[in-house]
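Visitor:
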Amino acid sequence: MMSSSKICVVVISGSLERLQMAAMVASVAAVSGSEVLVFFSMNALPHFIKGRTVKAAHEGEMGALMASKKVPEFKTLFEQAVELGDAKIFPCSMAMDVLGIEEKDLEDYLEKATGLTKFLHDGQDGQVWTF
Amino acid sequence: MAKKIVDGRGSFCPGPLMEMIAVLKSSQIGDELEVLSTDKGSANEIPEWVNKVGHEYVSTVEKDGVWHITMRKKK
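Protein chains in written order, with our numbering: chain A, 1 to 131; chain B, 1001 to 1075.
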């Protein structure tokens, strides 16, 4: 699919609402003809460690409601953004160092560890969405 | 030309859209997909997506709280 625009999604929050909204933006943009670059750092990244069972905590009313309904899981949406659309997801190399993890510890649909220098360079001509 | 049903009932936006796109990927040009959704947001979003991306939007019918959104693969 030809990309007509570039969208960068920076996710640092570990809260359910923010992860969900970021996943929605990334997945819908990726299947609608945009090139999507996602960057996970801070509290967002631990959710993408393989085998993790801790659920993302909700911030408020909507998150609590979503947790009780069949909304698509944010991890499924991020994976669909990669598989069905033109998205690449980069784990922050600093966050990986702090967590003491390697690429093999993260979900398979994530790209190689990336630093801010590269992400800022790759995304400089795109819209930036921050969660 | 096959006709396929995508059952997105019970899910929320953008779940039914993503399920439809997954089926669309493995479909042939000319195939018709009917998405079932209980989520009104998806009933609005799916035709929007179909038109934007360049497939053919056929119709939307609501019956007993379920939206039936039909589209045809064009490319």
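For each residue, glycine too, the CB sits at the ideal point set by N, CA and C.
Please work out which residues of its chain come closer than 8 Å, Cβ to Cβ, to His58 of chain A, disregarding the five sequence neighbours upstream and downstream, and give them in chain order.
Guide: Ser15, Leu16, Glu17, Ala64, Met66 and Ala67
Visitor: Would you mind telling me which residues of chain B sit closer than 8 Å to Gly33 of chain A, beta carbon to beta carbon, in chain order?
Guide: Lys1052 and Val1053
Visitor: What does the alpha-carbon distance come out to for the pair Asn1051 of chain B and Met1071 of chain B?
Guide: 10 Å
Visitor: Report yes if the C-beta distance between Cys92 of chain A and Phe40 of chain A is below 8 Å; otherwise report no.
Guide: yes
Visitor: For Arg137 of chain A, report the span of its alpha helix (DSSP H) as first-last.
Guide: The structure shown has nothing for residue 137 of chain A, since chain A only spans 1 to 131.
Visitor: Is the beta carbon of Val9 of chain A closer than 8 Å to that of Val28 of chain A?
Guide: no
Visitor: Taking C-beta pairs closer than 9 Å, name the residues in chain A that Ala1043 of chain B reaches, listed in chain order.
Guide: Here the premise fails: no neighbours, minimum Cβ distance about 15 Å.
Visitor: Tell me which residue opens and which closes the alpha helix (DSSP H) that Pro1047 of chain B is part of.
Guide: Lys1040 to Val1053
Visitor: Just reading off the beta strand (DSSP E) that Gln80 of chain A is part of, what are its end residues?
Guide: Run containing Gln80 of chain A: none in the beta strand (DSSP E); it sits in the alpha helix (DSSP H), Phe74 to Leu84.
Visitor: On the DSSP letters alone, give me the boundaries of the beta strand (DSSP E) that Asp1007 of chain B sits inside.
Guide: Lys1003 to Asp1007
Visitor: In its own chain, which residues sit with a C-beta less than 7 Å from the C-beta of Ala87 of chain A, not counting the 5 before and 5 after it?
Guide: Ala26, Ala30, Val36, Val38 and Ala81
Visitor: Any beta carbon of chain A sitting closer than 8 Å to that of Gly1015 of chain B?
Guide: For Gly1015 of chain B, the nearest CB of chain A lies under 8 Å from its own CB, placing it at the interface with that chain.
Visitor: Along chain B, which residues have their Cβ under 9 Å away from the Cβ of Lys139 of chain A?
Guide: Residue 139 of chain A lies beyond the stretch modelled for chain A, which goes from 1 to 131, so this question has no answer here.
Visitor: Within 8 Å, do at least three Cβ pairs link the region 1026-1034 of chain B to the region 107-118 of chain A?
Guide: no
Visitor: Tell me whether the beta-carbon of Ser32 of chain A lies closer than 8 Å to the beta-carbon of Val1023 of chain B.
Guide: no
Visitor: For Phe131 of chain A, which of A:Ser4, A:Val98 and A:Val11 has the nearest alpha-carbon?
Guide: A:Val11
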